[in-house]
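Residue numbers (the numbering used here): 135 to 444.
For each residue, glycine too, the CB sits at the ideal point set by N, CA and C.
It should be emphasised that the depicted structure is a prediction, and the values quoted were computed from it without experimental measurement.
Right, one structure below, let's go through it.
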C-alpha cells in the first residue's frame, strides 16, 4: 500500500515538474542569447491568466488560441520596447530593466484587471476525470500536461536542430558576437527567441491556471522563482540542463508537499531550497555536468571491466 502511494506521488510530481521544465527552457533561451535573466517572464503568465479569464466564455479552443497570441505579442513587445534599447548595456542594466518591466506590469494589473473581487478560471469538468491504470490515478489534466510538455520539448529540439532559424538561434546561444560576425541578423534572432519564450510561457500559463484556478497580479512570481532556481541547478548555459533542473526542482517540490504533514506544508519551499543548496554543493556546475561526469565514469568503468574480462 505504501509503495502504491509513493508511486502515485511520483506520478503527480512528474506532471508538476514537466511544467517547470518548459518554463526553465524559456528562461535559458533568453539567457543564452542575451545573457538576460528576464524576471518579467513571470508576468507573461499573469497576462495569460487574465486573458483566459476574459475569454473563458468563448469556449476552450478560442480561449487557448487568444491566450497564446496575446502572450507571444506581449513577449515580443517587451523585447522591442524595454530590452532592445539597452541590449548592449552592461548586464546589471539588463537585470534592472527586467525588474522594472516586472514591477510595472504588476502595477498595471493591480490598477486594472486585478481590481475588485478575486478572479479565477474554473477548470473544465472533463479535466478532472481520472483514469485508473495499474492502481494509479491519472487525471486528464495530468495526461495533457505531460503530452504538452513532451511535445514542446521535442518541438524545441527539432526547431533548434532542423530549421535555419533554429540553427541561428542555437549559434547565438553559443556565441552571440561570433554569430553576428558571420551574418546572422541579431534583431531577428532575438525577436524570435522572445516569441518562442512567449509561446512556452503561454503553454505553462494555460496548464498552470487550469490546475490552480486562481488569478492575481503576482501569480507569476512563485513559478518564476522555481523555474529560475531549477534552471540554475541544471545549468542555465545549456537548454537541456535548464529543462532538467526545472523538472527536477518541480518534481522535488511536489513530492515534498505531498509527503509533509499538514502543519508543515507551508514550509515546502524552505525544504526544497535546502535541497537546492545540497545540489549546488555537490554539483556547482549544474546537474547536467554532474550527469555527464557520472555517465563518463560508468562507461569508463564498464570499459575497464570488459578489457579485464577479455
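Residue environment, residue i, which counts as buried when at least 16 other CB atoms sit within 10 Å
i           : result
residue 191 : exposed
residue 237 : exposed
residue 436 : exposed
residue 258 : exposed
residue 349 : buried
residue 122 : Summary: the structure shown does not reach residue 122, with the chain confined to residues 135 through 444, and so no result is reported for it.
residue 433 : exposed
residue 171 : buried
residue 381 : buried
residue 367 : buried
residue 165 : buried
residue 94  : A query on residue 94 cannot be resolved here, the shown segment of the chain reaching from 135 to 444 and no further.
residue 207 : exposed
residue 372 : buried
residue 285 : exposed
residue 356 : exposed
Sub-8 Å separation of residue i and residue j beta-carbons
i           : j           : result
residue 323 : residue 167 : yes
residue 422 : residue 358 : no
residue 327 : residue 303 : yes
residue 202 : residue 333 : yes
residue 239 : residue 174 : yes
residue 369 : residue 383 : no
residue 354 : residue 177 : yes
residue 247 : residue 342 : no
residue 281 : residue 273 : no
residue 210 : residue 182 : no
residue 351 : residue 243 : yes
Spatial distance of residue i from residue j (CA atoms)
i           : j           : result
residue 396 : residue 218 : 47 Å
residue 409 : residue 224 : 32 Å
residue 344 : residue 186 : 10 Å
residue 392 : residue 147 : 9 Å
residue 340 : residue 325 : 23 Å
residue 271 : residue 438 : 44 Å
residue 418 : residue 424 : 9 Å
residue 416 : residue 197 : 44 Å
residue 151 : residue 361 : 10 Å
residue 428 : residue 251 : 52 Å
residue 277 : residue 153 : 12 Å
residue 430 : residue 413 : 19 Å
residue 137 : residue 155 : Since pLDDT at residue 137 reaches only 44, below the 50 mark, its modelled position is unreliable, and the value read off the structure follows with that caveat. So the alpha carbons of these two residues sit roughly 26 Å apart.
residue 279 : residue 264 : 14 Å
residue 275 : residue 149 : 9 Å
Below-8 Å beta-carbon distance, residue i vs any chain C residue
i           : result
residue 191 : Looking at the structure shown, chain C is missing, and only one protein chain is on hand.
heavy atom of the ligand HEM below 7 Å from residue i C-beta
i           : result
residue 236 : Ligands displayed in this structure: none; no statement on the ligand HEM is therefore possible.
Check whether the region 188 to 203 and the region 217 to 234 are in contact - that is, three or more C-beta pairs closer than 8 Å. no
Evaluate contact between the region 394 to 405 and the region 159 to 177, counting only Cβ atoms and requiring at least three cross-stretch pairs below 8 Å. no
Segments assigned beta strand (DSSP E), at least 3 residues, entirely inside the region 219 to 293: 264 to 267, 270 to 273
Tell me whether the region 379 to 388 and the region 291 to 299 touch, counting them as touching only if at least three CB pairs, one residue from each stretch, are closer than 8 Å. No: fewer than three Cβ pairs fall under 8 Å.
Entirely within the region 368 to 397 and at least 4 residues each: give me those alpha helix (DSSP H) ranges in chain order. Here the runs fully enclosed are 373 to 393.
Ordered list of alpha helix (DSSP H) runs contained in the region 151 to 180, each at least 4 residues: Listed in chain order, nothing qualifies, since the region 151 to 180 has no complete alpha helix (DSSP H) run of 4 or more residues.
Could I get the ranges of all uninterrupted alpha helix (DSSP H) runs contained in the region 175 to 214, with 4 residues as the minimum, in chain order? 175 to 189, 194 to 212
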